[in-house]
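Structural data, given as structure tokens:
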């Protein structure tokens, strides 16, 4: 995989922020950290990720772990580590942003605690939100 440039990473991040309806703009890869990932996680799931500790790596890892729990066993995030996100590794950041991107583009996935599936016959307007891919958070 070619190493993405800072502008490619920030372009993907800003697209996701717009899709999530978040009034924030990322100006550089240094702004692609735990705050950004936490905001995207919350926009997608409707829940705040758990606090992750004092260091940036711990906070990034907390978001990855929370996201991983929601997606397991369907998507593995083993290749995404908090310390790599905290060090602003562009490949790791783009890998996580790509997963967010896929979920923000899934229009007809319904929330089902047992499995992730598409059901075009029973889709309602509420089913169009990407958080419906994730198991119910007890809302």
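Residue numbers (our numbering): 1 to 139. Just so it is clear, CB atoms sit at the ideal spot from N, CA and C, and this is done for glycine as well. Computed from a prediction, not measured in an experiment: that's the story for all the values here.
Taking all protein chains shown into account, do 16 or more other C-beta atoms lie within 10 angstroms of the C-beta of residue 98, making it buried, or fewer, making it exposed?
In the chain shown, counting from the first residue as 1, residue 98 sits at position 98. Residue burial is scored here from C-beta neighbours: residue 98 has fewer than 16 other C-beta atoms within 10 angstroms and is therefore classed as exposed.
Restricting to Cα atoms, I'd like to know which of 52, 84, 18, 4 is closest to residue 105.
On the chain shown, position 105 is the one that residue 105 refers to. It is 18.
Local conformation of residue 84 per DSSP, three classes:
Taking the chain shown and counting its residues from 1, one reaches residue 84 at position 84. Of the three classes helix, strand and coil, the one that applies to residue 84 here is helix, per DSSP.
Pairwise C-alpha distance: residue 91 and residue 73:
For the purposes of this step, residue 73 is taken as residue 73 along the chain shown, with counting starting at 1. For the purposes of this step, residue 91 is taken as residue 91 along the chain shown, with counting starting at 1. Cα to Cα, residue 73 sits roughly 23 Å from residue 91.
Taking the alpha-carbon of residue 21 as reference, which of 57, 31, 46 has the nearest alpha-carbon?
Looking up residue 21 in the chain shown gives position 21. Ranking 57, 31, 46 by Cα distance to residue 21 puts 46 first.
Specify, as a first and last residue, the run of the alpha helix (DSSP H) that residue 39 falls within.
For this step, residue 39 is matched to residue 39 along the chain shown. It spans 34–45 - the alpha helix (DSSP H) in which residue 39 sits, taken as one unbroken run.
Can you tell me whether residue 59 is buried or exposed, with buried defined as 16 or more other CB within 10 angstroms of its CB?
Working through the chain shown from its first residue, we reach residue 59 at position 59. A residue is called buried when at least 16 other Cβ atoms come within 10 angstroms of its Cβ; residue 59 meets this threshold and is buried.
Span separating the alpha-carbon of residue 27 from that of residue 11
Stepping through the chain shown from its first residue, residue 27 is reached at position 27. Stepping through the chain shown from its first residue, residue 11 is reached at position 11. Between residue 27 and residue 11, the C-alpha separation is close to 9 Å.
If you measure between the beta carbons of residue 103 and residue 36, is that distance less than 8 Å?
On the chain shown, residue 103 is found 103 positions in, with the first residue counted as 1. On the chain shown, residue 36 is found 36 positions in, with the first residue counted as 1. No, they are not a contact pair.
Which residue comes first and which comes last in the alpha helix (DSSP H) that contains residue 75?
Here residue 75 corresponds to residue number 75 of the chain shown, with the count starting at 1. No alpha helix (DSSP H) contains residue 75, which DSSP labels as neither H nor E.
Of the residues 81, 39, 57, 88, which one's Cα is nearest the Cα of residue 49?
Your numbering for residue 49 matches position 49 in the chain shown. For the residues 81, 39, 57, 88, the minimum Cα distance to residue 49 belongs to 39.
Please name the residue in 41, 96, 15, 55 whose C-alpha comes closest to that of residue 78.
Your numbering for residue 78 matches position 78 in the chain shown. Closest by alpha carbon: 96.
Alpha carbon to alpha carbon, how far is residue 55 from residue 25? Give it in angstroms, no decimals.
Looking up residue 25 in the chain shown gives position 25. Looking up residue 55 in the chain shown gives position 55. If you take the alpha carbons of residue 25 and residue 55, they lie about 23 Å apart.
Boundaries of the alpha helix (DSSP H) in which residue 57 is found, first to last residue:
Taking the chain shown and counting its residues from 1, the one referred to as residue 57 is at position 57. Residue 57 -> alpha helix (DSSP H) spans 56–71.
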